[in-house]
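Contents: one structure, followed by commentary.
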Amino acid sequence: GTICALDRTQKDVATLIEAFAAIAGDLPGASLDIYGDGKDRKHLEQLAMESGAADRVKFHGWWDRDIFEALNRMDIFVLSSLKEGTSNVLIAAMAAGLPAIATKAGGNPEVLGEAGILTPPKDVQAMAQAIKKLADDKELRERLAVFARERAKLFTIDRTIGATIQCYLEVCR
């Protein structure tokens, strides 16, 4: 699943839908849960319909409860970004112990590190292969979940504040 704004200027949910549709036949019972909303929702719903996977792609709209409730409903988290800073939702997914796939956009490679799979932006085939790889390999999912939880600890508020203060102290010397 994913959690993001449905806005093709920063997020690329279309590639995620196309990737899922490409392998859905190999993953019986799997679904793609999309939490979020935005100006592209109608277009994305149409794309899901045209892909033949509409019955397995679920649009939930904005999640107005604890984000971890939505994340706990997922087995794999995917963030298909065109542009990205430091993604809070990717960090939250990692903290929830989800194996993750993210595009090599903005801060995603720095955040995810070796704790998940990175794919090029807009690469349907690479994303489909990454999803299938995780779906087919429970041991890999479990290993990445452990790495993700540990890596997420690098991005806590206290650690960020401490690193910022340390940076200022070094610059002021």
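Each residue of the sequence shown is one higher than the one before, starting from 14 at the first, in the working numbering.
Note that beta-carbon positions come from the ideal geometry of N, C-alpha and C, so glycine has one too.
Quick check on this structure: which residue in the options has the alpha carbon closest to the alpha carbon of residue i?
{"i": "G42", "options": "M62, A148 and C180", "result": "A148"}
{"i": "Q142", "options": "N121, E163, I114 and G120", "result": "I114"}
{"i": "F168", "options": "V184, C185, V102 and D77", "result": "V102"}
{"i": "D79", "options": "A105, L92, A158 and V184", "result": "A105"}
{"i": "L91", "options": "C180, I170, I174 and T28", "result": "What sits at residue 91 in the sequence shown is Val, not Leu. The option with the nearest alpha carbon to V91 is T28."}
{"i": "E155", "options": "D88, R172 and S93", "result": "D88"}
Does the beta-carbon of residue i have 16 or more other beta-carbons within 10 angstroms, so that it is buried, or is it exposed?
{"i": "M140", "result": "buried"}
{"i": "M62", "result": "exposed"}
{"i": "E97", "result": "buried"}
{"i": "F160", "result": "buried"}
{"i": "A108", "result": "buried"}
{"i": "F81", "result": "exposed"}
{"i": "V184", "result": "exposed"}
{"i": "I144", "result": "buried"}
{"i": "G202", "result": "Outside the displayed range of the chain (14 to 186) lies residue 202, so it cannot be described from this structure."}
{"i": "L182", "result": "exposed"}
{"i": "T176", "result": "Here the sequence assigns Ala to residue 176, which means Thr is not the residue at that position. With fewer than 16 Cβ atoms within 10 Å of its Cβ, A176 is classed as exposed."}
{"i": "I130", "result": "buried"}
{"i": "N121", "result": "buried"}
{"i": "K24", "result": "buried"}
{"i": "I170", "result": "exposed"}
{"i": "I178", "result": "exposed"}
List the residues that DSSP assigns as beta-bridge partners of residue i.
{"i": "I16", "result": "Y48"}
{"i": "I130", "result": "I114"}
{"i": "D72", "result": "The residue you asked about is not Asp; residue 72 is Phe in the sequence shown. DSSP output for F72 lists I47 as bridge partner(s)."}
{"i": "K24", "result": "S94"}
Can you find the residues in the same chain that come closer than 8 Å, C-beta to C-beta, to residue i, ignoring five residues on each side of it along the sequence?
{"i": "P133", "result": "T116, K117 and A139"}
I believe residue i touches residue j by the beta-carbon criterion, under 8 Å. Please report the beta-carbon distance rounded to the nearest angstrom.
{"i": "L60", "j": "G14", "result": "So it is not a contact: roughly 17 Å between Cβ atoms."}
{"i": "G49", "j": "I16", "result": "6 Å"}
{"i": "A66", "j": "F33", "result": "6 Å"}
Go through its chain and collect everything with a Cβ distance to residue i's Cβ below 7 Å, but skip five positions before and after it.
{"i": "R164", "result": "M107, G126 and A128"}
{"i": "A18", "result": "K24, G49 and G51"}
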